[in-house]
Amino acid sequence: MKFLVYVLSTSLTLFTLNSSFADENVEHNSTEETSIEQTVVVTSDVKSSNETLEKAPDSAKPDLGQSLADLPGAYFNQNGVVSVLPQYRGHIGTRTSVILDGFGTVSAGPNLMDAPLSYASTGWVDNLVLYRGIAPVAAAFESIGSVIEVETTRPEFNQESYGLTQGSLSLAGNSNGHAQDMALDFGWANHMHRMQLLASSQISDDVNTPIGTIFGSEYDKRVQQFYYGANFENQAFDISHQIQNVGLSGTPALPMDISFIDSIRTTVSYATEVGGYRINLGGFSMDSDHKMDNYSLRPAMMTRETFASGEGDGVNLDFSWRYQNWNLLAGLLKRTQEHSATINDPSNPMFRVVNFNQSSREDVSAYLQANRLLFDAKNLTFGIRYKSSKTNSAEVSHHMYGASNPIRTVQDRFNQMDRNRAFSSYDLTLNYSIPLSQELSWEFGIGQKSRAPVYQELYLWVPMQATGGLADGNVYVGNLELDSEVATQFEVGLMRQNEKLRFAPRLYYQKLHDYIQGVQTNDPALLMIANMMGTSEVFQFQNVDGRIYGFDADLLWSLSDNWEMSAVMSVIRAERDDLDEPLYRIVPDNIQWTWTYWEDEWQVSTELQAFASQNRVAKSLNETSSGGYGLINLAGQWSLTNDVKIQFGIDNLLDKYYASHTAGVNRTMMNLVPVGDRLPGLGRSLYLSTTIEL
Numbered sequence: 000m001k002f003l004v005y006v007l008s009t010s011l012t013l014f015t016l017n018s019s020f021a022d023e024n025v026e027h028n029s030t031e032e033t034s035i036e037q038t039v040v041v042t043s044d045v046k047s048s049n050e051t052l053e054k055a056p057d058s059a060k061p062d063l064g065q066s067l068a069d070l071p072g073a074y075f076n077q078n079g080v081v082s083v084l085p086q087y088r089g090h091i092g093t094r095t096s097v098i099l100d101g102f103g104t105v106s107a108g109p110n111l112m113d114a115p116l117s118y119a120s121t122g123w124v125d126n127l128v129l130y131r132g133i134a135p136v137a138a139a140f141e142s143i144g145s146v147i148e149v150e151t152t153r154p155e156f157n158q159e160s161y162g163l164t165q166g167s168l169s170l171a172g173n174s175n176g177h178a179q180d181m182a183l184d185f186g187w188a189n190h191m192h193r194m195q196l197l198a199s200s201q202i203s204d205d206v207n208t209p210i211g212t213i214f215g216s217e218y219d220k221r222v223q224q225f226y227y228g229a230n231f232e233n234q235a236f237d238i239s240h241q242i243q244n245v246g247l248s249g250t251p252a253l254p255m256d257i258s259f260i261d262s263i264r265t266t267v268s269y270a271t272e273v274g275g276y277r278i279n280l281g282g283f284s285m286d287s288d289h290k291m292d293n294y295s296l297r298p299a300m301m302t303r304e305t306f307a308s309g310e311g312d313g314v315n316l317d318f319s320w321r322y323q324n325w326n327l328l329a330g331l332l333k334r335t336q337e338h339s340a341t342i343n344d345p346s347n348p349m350f351r352v353v354n355f356n357q358s359s360r361e362d363v364s365a366y367l368q369a370n371r372l373l374f375d376a377k378n379l380t381f382g383i384r385y386k387s388s389k390t391n392s393a394e395v396s397h398h399m400y401g402a403s404n405p406i407r408t409v410q411d412r413f414n415q416m417d418r419n420r421a422f423s424s425y426d427l428t429l430n431y432s433i434p435l436s437q438e439l440s441w442e443f444g445i446g447q448k449s450r451a452p453v454y455q456e457l458y459l460w461v462p463m464q465a466t467g468g469l470a471d472g473n474v475y476v477g478n479l480e481l482d483s484e485v486a487t488q489f490e491v492g493l494m495r496q497n498e499k500l501r502f503a504p505r506l507y508y509q510k511l512h513d514y515i516q517g518v519q520t521n522d523p524a525l526l527m528i529a530n531m532m533g534t535s536e537v538f539q540f541q542n543v544d545g546r547i548y549g550f551d552a553d554l555l556w557s558l559s560d561n562w563e564m565s566a567v568m569s570v571i572r573a574e575r576d577d578l579d580e581p582l583y584r585i586v587p588d589n590i591q592w593t594w595t596y597w598e599d600e601w602q603v604s605t606e607l608q609a610f611a612s613q614n615r616v617a618k619s620l621n622e623t624s625s626g627g628y629g630l631i632n633l634a635g636q637w638s639l640t641n642d643v644k645i646q647f648g649i650d651n652l653l654d655k656y657y658a659s660h661t662a663g664v665n666r667t668m669m670n671l672v673p674v675g676d677r678l679p680g681l682g683r684s685l686y687l688s689t690t691i692e693l
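The sequence shown runs 0 to 693 under numbering that gives the first Met the number 0.
Written as structure tokens, this is what we have:
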């Protein structure tokens, strides 16, 4: 919170300064955005040769992460209807950074039940942006698996001194689970000020599949956000405050379900221009409390509940300027976070396991990024980012310390070790675009990215399934001797684009050093604890080497004035170097076709999704093969008036049974499928939504 207080006080002080300190005669390149208001939203206008892919939110999907399936190379891992983790080109979970309105998030749950994308409501999102391939260093502190940016819709400044109201009301329903979504966006803006109230509610009963109901899959999520922004001559100021409450919600792929998640997130940003330099100062603060249990939505042999908390804050400062023909961007970042989790038995006051105790992390970073438009319209972007992370944990405890030698052994071993860890590294990127004609260009990229271990990988001291959302049914333990992951990345592609056609295939290769994955351990004490838990295997996080390579492409073809065809294709291979087996939980080959027909006031589309079987599995982690499948989805949109729009559709039209390879495995007894089997996908789902512009 101290960072946010500093940023807020500094921003307000700067905002009240006389704007005469700025040089109003600065020359700007015609390709740059000159609006300070745009600078706040975009963070920086320094151009980049990186391709970004934008995806409008889909009102039929309750979690934003599910929209990733429409982007080349991207998919998601689903542990609950509103607990979805991104996956991009084989990189799972936190390896793909999520930036929400310019800042990261701090999840409370050790299994990421409150995944970063869950803090964005589909009814508010203006755009979901994915950096395709090797993300620029300025995009995020860690971007080994690229970066997803989520942009919330905001009222637009206008020239009316009395201001104009802006916003929308969206009401949606889905036959599957009798889901109901409501999103309100009410804002007001004039030429200097803008303010906004956002509210959303998402509720559902248990969801249905072609073979029956998944018990314990309901959800209840409510969010409110207040936003204020000001734009005065060469200064801009923004502040937002969000309260999110998740009630009883099922995560059948995890050992427990969500009892509640209560979080508060505040962001502040300030932008100005002085002497040709654009300055952006921003900060965030986040505090979340989380309770999960195994008895509210599922039968339990032994009742358990976990109380977890996560808190963090941070500050960003960046400068952008033009030097000769270069667009330059330099920045500094500092952020901290702390996590704790304690397991109890509500029927036994003596039962208490301190799973994580004040597991902390401090990140500090500095970066420089440069872009230049060369001769013959060639576009070059390169950057370097220095990163430093320090982690620590307080001592842990277990109620069976005095009665169990294995528990005593692992607890003493952890508490007596030096738990202070420090990680430092450099990220380097170079992206180069070479036009061959007005329609065709080569795209090249090379980079080195790194990721420091997260607290679950370091400080999970006793065998558990608190793994940051792996949801595979295995029992894991952390490792205080882990090194940072490093990926050396190469990419080459083509871009063909004209008024009728866009086609962008990409080939990529990544050499992985010290990739973090579970490896079976032979530690006697850990195995004895596992036997007490009813399992015979424990997987410890270890560094392994490997490689990821593949191909993805997207196509958009305007067939006529009324017909359009689009396609997305992804092929991913991932292998370990020390074993003759693939890396874990890789999306199978897939392709998606969409045909759209539209008139002035309405449009309809048919979508075909085809997934190959996945037999390339990590047998050492008990990963099982999955079968291929195809789905047909229908969607439509009708604009009744300029202010009223209706969307409708049917997902899984043929009620086809399937189980996504990246889906979590069932952890609930007496459920639709046995414990340890993949959870099936949703059956036929009819949805209808109405959006009214206010």
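Quick reminder that beta carbons are idealized off the backbone N, C-alpha and C, glycines included.
Keep in mind that this is a model prediction, so the values were computed, not measured.
N- and C-terminal bounds of the beta strand (DSSP E) containing residue i
i	result
Thr305	304-322
Glu456	It is not in any beta strand (DSSP E) - Glu456 instead sits in the alpha helix (DSSP H) that spans 454-458.
Asp237	234-245
Ile547	538-557
Lys220	218-231
Lys618	Segment: none, Lys618 is in no beta strand (DSSP E) and carries neither H nor E.
Leu170	163-173
Phe355	347-372
Gln509	500-519
Trp601	601-610
Phe489	484-496
Gln201	192-203
Gln77	73-79
Asn589	589-597
Arg572	562-575
Ala182	178-188
Leu685	684-692
Residue of the options minimising C-alpha distance to residue i
i	options	result
Leu525	Asp411, Gly545, Val485	Asp411
Ala617	Lys644, Leu630, Ile585, Trp601	Ile585
Gln455	Pro61, Ser358, Gly648, Asp205	Ser358
Ser66	Glu536, Asn354, Leu127	Leu127
Asn419	Ser559, Gln323, Asn391, Met399	Asn391
Arg277	Ser319, Met300, Ser239, Ala611	Ser319
Asn279	Phe102, Ala573, Gln437, Met112	Phe102
Asp650	Gly682, Phe610, Val149	Gly682
Ala634	Glu622, Ile645, Leu316	Ile645
Asp113	Ser625, Tyr458, Gly549, Lys220	Lys220
Val80	Glu148, Gln86, Gly249, Thr428	Gly249
Met399	Glu159, Val352, Ser638, Gly517	Val352
Met463	Asn157, Ile515, Val97, Asn110	Asn110
Ile342	Ser619, Gly64, Ile433, Val395	Val395
Ile445	Gly132, Ala611, Val83	Gly132
Leu116	Val83, Ala369, Thr487	Val83
Check: residue i C-beta below 8 Å from any heavy atom of the ligand FAD
i	result
Asn530	Of the ligands one can find in the structure shown there are none, so the ligand FAD has no counterpart to examine.
First and last residue of the uninterrupted alpha helix (DSSP H) at residue i
i	result
Leu526	523-531
Nearest-angstrom beta carbon gap, residue j and residue i [assumed within contact, 8 Å]
i	j	result
Arg153	Gln195	6 Å
Ile590	Gly89	About 17 Å; that fails the 8 Å criterion.
Phe647	Tyr596	That belief does not hold up - the Cβ atoms of Phe647 and Tyr596 are roughly 15 Å apart, past 8 Å.
Ala630	Tyr657	The sequence given here places Leu at residue 630; Ala does not occur at that position. Sure, about 7 Å apart at Cβ, within 8 Å.
Asp471	Val664	6 Å
Leu506	Gly545	Their Cβ separation, rounded to whole angstroms, is 18 Å, which puts Leu506 and Gly545 out of contact at 8 Å.
Entirely within the region 396-443 and at least 3 residues each: give me those beta strand (DSSP E) ranges in chain order.
420-434
Touching or not, the region 372-379 and the region 399-413, by the rule of three or more beta carbon pairs under 8 Å?
no
At what residue ranges does the region 273-307 contain a whole run of the beta strand (DSSP E), taking only runs of 3 or more?
276-292
Closer than 8 Å is the cut-off here; do at least three beta carbon pairs connect the region 487-507 with the region 326-339?
no
Are the region 277-296 and the region 98-115 touching by the rule of at least three beta carbon pairs closer than 8 Å?
yes
Should the region 361-373 be regarded as contacting the region 128-141, the criterion being three or more beta carbon pairs within less than 8 Å?
yes
Under 8 Å: do the region 117-125 and the region 475-483 share three or more Cβ pairs, one atom per stretch?
no
Do three or more CB pairs link the region 156-169 to the region 182-189 at distances below 8 Å?
yes
Please confirm if the region 566-574 is in contact with the region 534-541, defined as three or more CB-CB distances below 8 Å between the two stretches.
no
Hey, is the region 487-495 in contact with the region 437-452, meaning 3+ C-beta pairs nearer than 8 Å?
yes
Three or more beta-carbon pairs under 8 Å between the region 554-564 and the region 591-610, yes or no?
yes
Complete runs of the beta strand (DSSP E) confined to the region 83-158 [at least 3 residues]
96-99, 124-130, 146-151
Quick test of the definition: if touching needs 3 or more C-beta pairs under 8 Å, does the region 316-330 touch the region 295-306?
no
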